[in-house]
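Undergrad: Dropping the structure in here first, questions after.
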Amino acid sequence: MTRLHLVWTILCLAILSSCAGHQQSAIDPAGPQSGKIAALWWGFFWLLAVIFAIVMAVMLITLMRRPPSAIENRPPEQAESGLKRTVTAATVITVLLLFVLLIVSVKTGKATADLGKQSSLLTIEVTGNQWWWQFRYMNSDASRILTTANEIHIPVGQPVLIQGRSNDVIHSFWVPNLQGKRDLIPSRVTTEYLQVDNPGVYRGQCSEFCGLQHAHMAFYVIAEPKDKFNAWMQAQLQPAPAPTDPVLEHGRRVFLNYQCIYCHQIRGTTAAGQNGPDLTHFASRRSLAAGVLPNTIGNLGGWIVNPQRIKPGTHMATIAVAPNDLQPLLQYLESLK
Amino acid sequence: MSATPDAFASVPSEHTELSLLENAWRHRPGILGWLSVTTHQAIGMRYIVTAFIMLLLGGAEALLMRTQLARPNNTFLGPDRYNEIFTTHGTTMMFLFAVPVMEGMAIYLIPLMLGTRNVAFPRLNAFGYWLYLGGCLFLYWGVFTNTAPDVGWFAYPPLSGPQFTPGKRADFWAQMITFTEVSGLCVAAEIIVTIFKMRAPRMSLNRMPLYVWSMLVQSFMVIFAMPAVVIASSYLLSDRTISTHFVNPAEGGDPLAYQHIFWFFGHPEVYIIFIPALGFVSSIVVANARRAIFGYPAMVLSLIANGFIAFGLWVHHMFATGLPQIGEAYFTASSMMIAITSGIQIFCWLATLWTGRVRRNTALHFAYGFIAIFVLGGLTGVMLASVPLDLQVHDTYFVIAHFHYVLIGGALFPLFGAFYHWFPKMTGRLMSEKLGKINFWFLFIGFNLTFFPMHILGLKGMPRRVYTYPVEMGWGPMSFLATVGAWIIAIGGIIFIVNVLSSRRSAHFAAANPWDAPSLEWAADSPPANYNFEHLPTVASRHPLWDPPEERAVVTGLRNDRREVLVTTLMDAEPHHRYVLPGSSIWPFIAAVCVSIGFAGSVFNPWYVIWGSIISGLALIGWFWPRRPFHMEP
Amino acid sequence: MYSRCLKIAFLTTAGCLLLTSCQREQRNLQPAPTRLAIYGDAARQSTLRPGGPVGREVVVNNPYNATAYDISEGKRLFDWFNCSGCHADGGGGIGPPLIKDHWIYGGEPANLFDTIVKGRPNGMPSWGGRIPEYQVWQIVAYVRSMNGLQPTSATSARPDTLESNPHNLQNRTSGVTK
Amino acid sequence: MSELKTLDVSHLPPFDISSQAPVWWGQLCIVFIEGTMFLLLIALYFYTRLQVDVWPPPGEQFPHLLLPSLALIPLFVSAGGSYLASEGAKKNNRGRMIAGMLLNLITGGLFFAMQIIQWHSLNFNWKADINGSYVWAFLSLYHFDLVGDLVFTFVLLVAVIIGRYGEKQRVGIHVDSVVWYFLVLIWIPIYLAIYWGPRIMES
């Protein structure tokens, strides 16, 4: 048996070392909450690893040792008393350890759950749809409410309140590097606090099975300093400018004539569809189709012509765009910075 | 292995007594006879074989999933097919393999271990099996007609509701549960009554083998947990067929109500699968350490405590739904508490092995494999009990690794150990130890290669139930490693089948008690006759076959011309009265067919509930209708 | 002999069970792009017409007939394109009710296709060129399912939305009033 | 072969009509199963009730009280009938068995008839909303059990009347009273939940 455990430990170390990638990893925290949880994880891990090692050692010894004498089927009682003491001691230690783990876990839970009761909290309403994310930056002044999709910017170092809703089935909002997950359930609002300390780009993914394209329902959280965030917010609040270039003008007319207007909205044009993502500042987003493809003109073309090949089952319609209309449309969409 | 003198050699009596007994317990010939069998060995074997076929189907689905996930952006399976396969994999393994195989083993072993000749209600036993078979056929009829469920094995609404799952897919899932839970309740009821009322004389409660205790606790859990899934699957079925609003968020229904009622059943369900495995390990350890179990009262109390606590921790499946913190803290505590009862059992087994003369046969290898894997699974379970950690790893591959460690490690390894331990009793032939050890190592290494990397995949943020994943996430290498491991497990499974098939016909015959084990089933011959014991044994201690021969007594005076067993009192098993069991009967099969027609039809047309209950009522009347001779002479 | 014919009987029943529901659960995720075809004067009220006798009436069936996935897609599109704005959930409001026996412009799939694509007087807009053809067929399949003209095993029992008008006959298949 | 000690049981009776009979314990298991299901359903009914602020949802009045309350009387009398039949079965007194079962059937049937009439007074069906779904779930599940048990008693009554009965049937009659007592007792919490629940919650 010892050969096995040698192999096994080498295997573990090899695998553990390979989790250096920081993409979407729960043990690579970038905020106070995920930091506390990661600390709790390593605490649990090492304590329980020690217990595991002890139990395995005892098990191996029971395998290796030669029984001293041919003990009768029913050993005399007093030989048992030594064992009785060790087993009761082991049980008591288990109970104490579990109690310690319980206290530590509940304390961490309280610390990570409610970050702060400031009044002027940045609130983002997350609405899960079947296979994309709608984000709305809430604001007391209705004209400053920003609706965007599949990507949010957050000021560094400031707590953010996430209000979770869903338009259809149960999804789950989860950015492993920042905080634990919170389900989005139709007919109720779930809340969660989020705070980021190190600026950067963090990927999140839906983690409650929500149908055909549950695998392709990702989003990005971009943490940046306060001033860059405010600049981004101002830019996002502006409607799309009327294009001057004739090709872009042609693209804009194509967008308004085809079926796009039934689902998508571009502020500054007459398109005001609510079923699909808001495309006013589409080109400013890093990804396309909820984190599936990088946002390049080639990917956008492939996505518009045949979305079912990229996300089979998606609710994006398959529209036969005439060849001479396609390029201007792509140019126009990529101009919506 | 010195064969002890045959403990219960037949009391010298004329040849006619034995032939009378064999005649009374003989199965009827032909197809009709095969359908009307009511002896517990035959029905137990049918459960085990059918459940094993379901294991192979579930395993095949697992291989398909692993092949699709072997590398990023794979196109081996589309999303629709993948969702169907992962749901059918989960549903088959949980409802059609795990619970039925544990019940099948119990139906086979409990009467033997209690020193009686059949379960308390033989015809109900047959009815339970036919309904279970109906459930398997019903689900796989759906799978092969593109109507396999595709909403996950716990089918959360509103995704599984009428609006977001078109067609009859979720209905097939919900109705299959109706089949298996009714069959599960039948078996649980008869196991409880058999253990309470039909034990060998003087086998008081503190002399019962630990496997019998584990089946008693499991059966009570089935009695109290299965009604919860009756409600959950009926919620879904009535919402999808007669448009009630149980889980319709718009009309006051609540998806969380479904989650609460499902997991109130869901967590006891996984303990229903796991507790019989504790009984298997206890039997294997006692037989192969050749000494009494250490701390028998502690083991029994921890089994019972395990049964109670299992009903108090279901909300740890729902920590991410934003429940109030106080509730979550309570459920963290109760989820951690259950680690204590499992811990005590592990310590007691280790203490038994520490002081025993350990015989390292394949069954004990699986017991060691169980301890190694289950302890790791239990420790990751303690991690999942803590709310902040669970919020990070819930519904990720970390959870998949955890529950495979506690289900494959906790239930499948002891089950394989039990096969190797009781195969000689069931077939009269010993399995090859060499092939057995190869089989163990393939399963052990394949298992760890498959599921240990999943802990790391989970921590690296890979969610559950994704049919593919992007290249840049870095999940490719470990997913491929898991796929390689999965194929190694498959090879291990094939080796097991080869071992079984080659041993059934081998000349390597087994004595009545090849492992010199203490419990009563080793007093019957291998394989046992339909009536198990020619004279029912009595018990003088917790280890009847280890008692000196002069202390053993047998029961005489039962009539041999009809199927008679002894009913004993509950606490001290003093003989109370004789109980005449029904013989072979075709009516359980007819009743099961009528009930199946009612269940299957009600998925397509709600009126089948009425017609189904009418024909089932008629079949039951036919079953209970009094037949000659009415009066039983003493 | 007896067991052999039992096996044959079992196999035939299993075979036909297999075939019945294969088609109903088909999920066609790769629809053909737009190909707008107009189905003649499907809405003609009588056979009187100028010129000679008319050619054979074009009989077209809906490619998405009786497939559960496409009926549920039709339901989603019925809400997304705001058909419910005028027709409510089938009970009618500004527009005529869609759950009825007598259709003003015919209840056959071709008629409904024409109604949607060409539009009708008194306010029914023409969606031709606006909605791809496969989505029009899905809406046609859903509208017919409201009237029980599709197999019940392919239609959903109820939507997850509030029954807007408690006394309307939302869906003929489950259509008992509130 | 040493002479094995023997324990002779030939003097024991081949049957027993009491709570020691295995079938009696089987009925107890049915009682636990059904009891758990109904109590869980009641718990869910109040869980849903507390989530919603207006109960019952608008457009539905409270179920009437008179008829269901009156129906309780025949239900309790039927329990007496079941007791009579089970005692008769114990003492093999055919007359008392028939009388008990007849009383049970008649009063049980009367209760069921009054309940059916009361169903029409509900102005909502199971499709209306969450309240309708729950009330009809309680009513249909409970009455399905009730009718099932009445049919079982009716078959036993016919068997006893035409004389085709023996010890097994007498055990059947005796243990059936366990399930009937349970059905009578479980109706009380269901009755309170459906008929009185909305009124108490309202005030």
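Residue numbers (the working numbering), protein chains in the order written: chain A, 38 to 374; chain B, 10 to 643; chain C, 1142 to 1319; chain D, 26 to 228.
For each residue, glycine too, the CB sits at the ideal point set by N, CA and C.
For residue 183 of chain B and residue 231 of chain B, which I take to be in contact (beta-carbon distance under 8 angstroms), what is that distance rounded to the nearest angstrom?
TA: Incorrect: roughly 19 angstroms between the Cβ atoms, too far for contact.
Undergrad: Within 10 angstroms of the Cβ of residue 493 of chain B, are there 16 or more other Cβ atoms? Answer buried if so, exposed if not.
TA: It is exposed - the Cβ of residue 493 of chain B has fewer than 16 other Cβ atoms within 10 Å.
Undergrad: Output the boundary residues of the alpha helix (DSSP H) element that contains residue 70 of chain A.
TA: It spans 69 to 101 - the alpha helix (DSSP H) in which residue 70 of chain A sits, taken as one unbroken run.
Undergrad: So residue 238 of chain A and residue 199 of chain A are supposed to be a Cβ contact under 8 angstroms. How far apart are they, rounded?
TA: 18 angstroms between Cβ atoms; not a contact.
Undergrad: Considering only residues of the stretch 80 to 127 of chain D, which uninterrupted alpha helix (DSSP H) runs meet the minimum length of 4 residues and lie entirely inside it, listed in chain order?
TA: Those alpha helix (DSSP H) runs which fall completely within the stretch 80 to 127 of chain D and span 4+ residues are 91 to 115.
Undergrad: By the 8 angstroms beta-carbon criterion, what residues does the stretch 258 to 277 of chain B contribute toward chain A?
TA: Of all residues in the stretch 258 to 277 of chain B, 258, 259, 263, 264, 265 have a Cβ within less than 8 angstroms of some Cβ in chain A.
Undergrad: Comparing alpha-carbon positions, which option in B:201, B:100, B:126, B:396 lies nearest residue 160 of chain B?
TA: Here the closest residue by C-alpha is B:100.
Undergrad: Smallest Cα separation from residue 96 of chain B: which of B:187, B:178, B:410, B:399?
TA: With distances taken between Cα atoms, residue 96 of chain B lies closest to B:178.
Undergrad: The stretch 1290 to 1302 of chain C: which residues have C-beta closer than 8 angstroms to a C-beta of chain B, in chain order?
TA: Correct list: 1293, 1294, 1295, 1297, 1298, 1299, 1300, 1301, 1302.
Undergrad: With respect to the alpha helix (DSSP H) encompassing residue 162 of chain A, which residues constitute its N-terminal and C-terminal limits?
TA: Element bounds for residue 162 of chain A: not the alpha helix (DSSP H) but the beta strand (DSSP E), 159 to 166.
Undergrad: Sorted by chain position, which residues of the same chain lie with C-beta nearer than 7 angstroms to residue 294 of chain A's C-beta, five sequence neighbours on each side aside?
TA: If we look at residue 294 of chain A and ignore the five residues flanking it on each side, it has no Cβ neighbours.
Undergrad: Is there a C-beta anywhere in chain A that falls below 8 angstroms from the one on residue 1352 of chain C?
TA: The structure shown does not extend to residue 1352 of chain C, since chain C is modelled only from 1142 through 1319, so no value can be given for it.
Undergrad: The alpha helix (DSSP H) with residue 1249 of chain C in it runs from where to where?
TA: Segment: none, residue 1249 of chain C is in no alpha helix (DSSP H) and carries neither H nor E.
Undergrad: Taking the continuous alpha helix (DSSP H) assigned at residue 109 of chain B, which residues delimit it?
TA: Start and end: 108 to 123.
Undergrad: I believe residue 314 of chain A touches residue 169 of chain A by the beta-carbon criterion, under 8 angstroms. Please report the beta-carbon distance rounded to the nearest angstrom.
TA: Correct: roughly 6 angstroms between the Cβ atoms.
Undergrad: Are the C-beta atoms of residue 281 of chain B and some chain D residue less than 8 angstroms apart?
TA: Answer no: the Cβ-Cβ gap between residue 281 of chain B and chain D never drops below 8 angstroms.
Undergrad: If I'm right that residue 590 of chain B touches residue 568 of chain B with Cβ under 8 angstroms, what's the distance once you round it to whole angstroms?
TA: The Cβ separation is near 12 angstroms, so there is no contact.
Undergrad: Quick one, which residues of the stretch 238 to 252 of chain A are near chain B if we go by CB-CB under 9 angstroms, in chain order?
TA: Cβ contacts with chain B come from 240, 241, 242, 243, 244, 245, 246, 247, 248, 249, 250, 251, 252.
Undergrad: Report the rounded CA-to-CA distance for residue 1231 of chain C versus residue 345 of chain B, giving the unit in angstroms.
TA: Roughly 53 angstroms between the two C-alpha positions.
Undergrad: Given this structure, state the Cα-to-Cα distance separating residue 257 of chain B from residue 1239 of chain C, to the nearest angstrom.
TA: Spanning the two alpha carbons is a distance of roughly 24 angstroms.
Undergrad: Would you kindly work out how many angstroms separate the C-alpha atoms of residue 237 of chain B and residue 269 of chain B, rounded to a whole number?
TA: Taking the straight line from one Cα to the other gives about 9 angstroms.
Undergrad: Counting only C-beta atoms, is residue 1165 of chain C closer than 8 angstroms to chain A at any point?
TA: Closer than 8 angstroms: no.
Undergrad: Starting from residue 203 of chain A and walking both ways along the beta strand (DSSP E), at which residues does that stretch end?
TA: Per DSSP, residue 203 of chain A belongs to the beta strand (DSSP E) from 197 to 203.
Undergrad: Which residues mark the beginning and the end of the beta strand (DSSP E) in which residue 172 of chain A is found?
TA: Counting along the chain, the beta strand (DSSP E) containing residue 172 of chain A begins and ends at 169 to 174.
Undergrad: I need the DSSP call for residue 220 of chain A, collapsed to helix, strand or coil.
TA: Of the three classes helix, strand and coil, the one that applies to residue 220 of chain A here is strand, per DSSP.
Undergrad: Determine the closest residue to residue 217 of chain B out of B:615, B:578, B:548, with distance taken between C-alpha atoms.
TA: When only C-alpha atoms are compared, the closest one is B:548.
Undergrad: Residue 585 of chain B by DSSP, collapsed to three states: which one?
TA: The answer is strand: DSSP assigns residue 585 of chain B an E or B state.
Undergrad: With H, G and I counted as helix, E and B as strand and the rest as coil, what does DSSP make of residue 238 of chain A?
TA: Strand at residue 238 of chain A.
Undergrad: Can you list the residues of chain E that residue 92 of chain B reaches, using a CB-CB cut of under 9 angstroms?
TA: In the displayed structure, chain E is absent; the protein chains listed are A, B, C and D.
Undergrad: Any C-beta of chain C sitting closer than 8 angstroms to the C-beta of residue 339 of chain A?
TA: No, residue 339 of chain A lies away from the interface with chain C (no Cβ there is under 8 angstroms from its Cβ).
Undergrad: Taking the alpha-carbon positions, what's the residue 120 of chain A to residue 199 of chain B distance?
TA: Computed Cα separation, rounded: 38 angstroms.
Undergrad: State yes or no: is the beta carbon of residue 646 of chain B nearer than 8 angstroms to at least one beta carbon in chain C?
TA: Because chain B is modelled from 10 through 643, residue 646 of chain B falls outside the range shown and cannot be assessed.
Undergrad: Quick check: residue 123 of chain D and residue 198 of chain D, are their CB atoms within less than 8 angstroms of each other?
TA: Against a cut-off of 8 angstroms, the Cβ pair of residue 198 of chain D and residue 123 of chain D comes out as no contact.
Undergrad: Just the Cα atoms here: how many angstroms apart are residue 154 of chain D and residue 59 of chain B?
TA: Looking at the two C-alpha atoms, the distance is approximately 42 angstroms.
Undergrad: Can you name the residues of chain D whose CB is closer than 7 angstroms to the CB of residue 206 of chain B?
TA: Those are 47, 50, listed as they occur along chain D.
Undergrad: Among C:1213, C:1154, C:1191, C:1148, which residue has its Cα nearest to the Cα of residue 1165 of chain C?
TA: Closest by alpha carbon: C:1213.
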